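Taking my numbering, the leading residue of the sequence shown gets 619, the next gets one more, and so forth. Where a beta carbon is used, it is the ideal one built from N, C-alpha and C, also for glycine. Everything numeric in this text was worked out from a predicted model, so none of it was measured. Structure first, then comments.
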Amino acid sequence: GMTSPAPEYATLTDDDLVTGEAVALDLPAASFGSRIASGLIDVLVTIVLVIVVVLLTSTLTSGTDQALTLVSIIGSLITVFLIFPTAVETLTRGRSLGKLALGLRTVRDDAGPISFQHAFVRALVGFVEIYPLSGVPAFFSALVSARGKRLGDHAAGTYVIRERYTLQLPPPAMMPWELGE
619 GMTSPAPEYA TLTDDDLVTG EAVALDLPAA SFGSRIASGL IDVLVTIVLV
669 IVVVLLTSTL TSGTDQALTL VSIIGSLITV FLIFPTAVET LTRGRSLGKL
719 ALGLRTVRDD AGPISFQHAF VRALVGFVEI YPLSGVPAFF SALVSARGKR
769 LGDHAAGTYV IRERYTLQLP PPAMMPWELG E
């Protein structure tokens with residue numbers, strides 16, 4: 619990957635999710651269906667943003683040089699497809715609007731919170747696998763991956779978890795009725 623080789627001992631940061639016994643959690647991956655639903659919400663939001671931004675940019679640059687209009691529209695599209703999703707996922711520590719709606723979050727492979735770099739790689743690869751390629755690579759990658767990873771997740775070293783999950787705890791041992799006296 620893009621990180622330097624790890625030292626011989628593992629270091630946990632304050633961000634790592636650790637239980638009382640100092641065991642890093644392996645959080646359950648989000649279901650395939652919830653990933654698709656979340657992705658569709660994000661695609662719809664993006665399409666609406668593209669339409670609004672292109673109309674706004676065209677209106678603001680109308681009557682000016684055509685080259686300026688084209689450059690403005692390209693800049694707007696880069697903002698919508700790359701800068702906006704990267705900023706949202708970075709600031710919310712791994713959530714897009716679709717993930718927020720469905721209670722999902724992107725985490726690192728070790729279940730820690732993602733950084734700007736993770737969000738940017740996901741947005742960059744995501745643009746290519748989702749828009750020009752109609753989501754086909756993302757769909758099949760998530761289908762065959764153990765953790766439901768799309769290509770952007772493989773490239774960034776991330777996966778998506780269900781944020782609101784319940785820990786399955788064993789039922790408490792029954793107390794002998796004599797002790798209840």
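Subject >> Whole-angstrom C-beta distance between valine 668 and valine 698, which should lie under 8 Å >> reply: The residue given as residue 698 occupies position 80 in the sequence shown. The residue given as residue 668 occupies position 50 in the sequence shown. The Cβ separation is near 5 Å, so the contact holds.
Original post:
Do the segment 719-727 and the segment 767-783 touch if we need at least three Cβ pairs shorter than 8 Å?
Top reply: yes
**OP:** Just mark isoleucine 701 as buried or exposed, buried being the case when its beta carbon has 16 or more other beta carbons within 10 Å.
**Re:** Counting from one through the sequence shown, the residue named residue 701 turns up at place 83. Exposed.
Original post:
In whole angstroms, what is the alpha-carbon distance linking alanine 719 and proline 755?
Top reply: Your numbering for residue 719 matches position 101 in the sequence shown. Your numbering for residue 755 matches position 137 in the sequence shown. One C-alpha to the other measures close to 24 Å.
Original post:
What are the boundary residues of the beta strand (DSSP E) that isoleucine 779 is part of?
Top reply: To locate residue 779, count along the sequence shown from 1; it is residue 161. From DSSP, the beta strand (DSSP E) with isoleucine 779 extends over 776-780.
**OP:** Give me the Cα-Cα distance between threonine 682 and leucine 674, rounded to the nearest whole angstrom.
**Re:** In the sequence shown, counting from the first residue as 1, residue 682 sits at position 64. In the sequence shown, counting from the first residue as 1, residue 674 sits at position 56. In a straight line, the C-alpha of threonine 682 is about 14 Å away from that of leucine 674.
**OP:** Could you tell me the boundaries of the alpha helix (DSSP H) in which valine 725 lies?
**Re:** If you number the sequence shown from 1, residue 725 lands on position 107. Careful: valine 725 lies outside any alpha helix (DSSP H), inside the beta strand (DSSP E) at 722-726.
Original post:
With burial defined as no fewer than 16 other Cβ atoms inside 10 Å of the residue's Cβ, what is the status of glutamate 796: buried or exposed?
Top reply: Mapped onto the sequence shown, residue 796 falls at position 178. By the neighbour-count rule (16 or more Cβ atoms within 10 Å), glutamate 796 is not buried but exposed.
Original post:
How big is the Cα-Cα spacing for valine 641 and serine 680?
Top reply: Numbered from 1 along the sequence shown, position 23 holds the residue referred to as residue 641. Numbered from 1 along the sequence shown, position 62 holds the residue referred to as residue 680. Any reading at valine 641 needs caution, since the residue's pLDDT is 49, under 50, leaving its predicted position unreliable; the model's value is listed next. Each residue's alpha carbon lies about 59 Å from the other.
Original post:
Which value, in whole angstroms, describes the spacing of the CA atoms of isoleucine 708 and proline 731?
Top reply: Along the sequence shown, read from residue 1 onward, the residue named residue 708 stands at position 90. Along the sequence shown, read from residue 1 onward, the residue named residue 731 stands at position 113. The residue asked about is misnamed: residue 708 is threonine in this sequence, not isoleucine. Their backbone Cα atoms lie some 9 Å apart in a straight line.
Original post:
Ends of the alpha helix (DSSP H) at phenylalanine 734?
Top reply: As a working mapping, residue 734 is identified with position 116 in the sequence shown. Phenylalanine 734 -> alpha helix (DSSP H) spans 734-748.
Subject >> Identified DSSP bridge partners for proline 731 >> reply: By one-based count along the sequence shown, residue 731 stands at place 113. Val725, per the DSSP bridge assignment.
Original post:
Looking at C-alpha atoms only, which residue of Ser752, Ser714 and Gly753 is the closest neighbour of glutamine 738?
Top reply: For the purposes of this step, residue 738 is identified with residue 120 of the sequence shown, where counting begins at 1. For the record, residue 738 in the displayed sequence is phenylalanine; it is not glutamine. Among Ser752, Ser714 and Gly753, the Cα nearest to that of phenylalanine 738 belongs to Ser714.
Subject >> DSSP state of leucine 797 mapped onto helix, strand, coil >> reply: In the sequence shown, the residue the question calls residue 797 occupies position 179. In the structure shown, leucine 797 sits in a helix (DSSP, three-state: H, G or I).
Original post:
Which residues in the same chain as alanine 655 place their Cβ atom closer than 8 Å to its Cβ, once the five residues preceding and following it in sequence are excluded?
Top reply: Locating residue 655 in the sequence shown gives position 37, counting from the first residue. Excluding positions up to five away in sequence, the list reads Gly716 and Leu720.
Original post:
Can you list, in chain order, the residues of its chain whose CB lies under 6 Å from that of arginine 711, leaving out five sequence neighbours each side?
Top reply: Residue numbering aside, residue 711 sits at position 93 when the sequence shown is read from its first letter. Excluding sequence neighbours, arginine 711 sits near Pro731.
Original post:
Going along the chain, which residues of its own chain have a beta-carbon closer than 6 Å to the beta-carbon of alanine 741, five neighbours each way excluded?
Top reply: Within the sequence shown, residue 741 is the residue found at index 123, counting from 1. Hits under 6 Å: Leu700, Pro703 and Thr704.
Original post:
In the structure shown, what three-state DSSP assignment does alanine 647 receive?
Top reply: Your numbering for residue 647 matches position 29 in the sequence shown. Strand, per DSSP.
**OP:** Please report how far the alpha carbon of arginine 768 lies from the alpha carbon of serine 759, in whole angstroms.
**Re:** Translated into the one-based positions of the sequence shown, residue 768 becomes position 150. Translated into the one-based positions of the sequence shown, residue 759 becomes position 141. Their backbone Cα atoms lie some 5 Å apart in a straight line.
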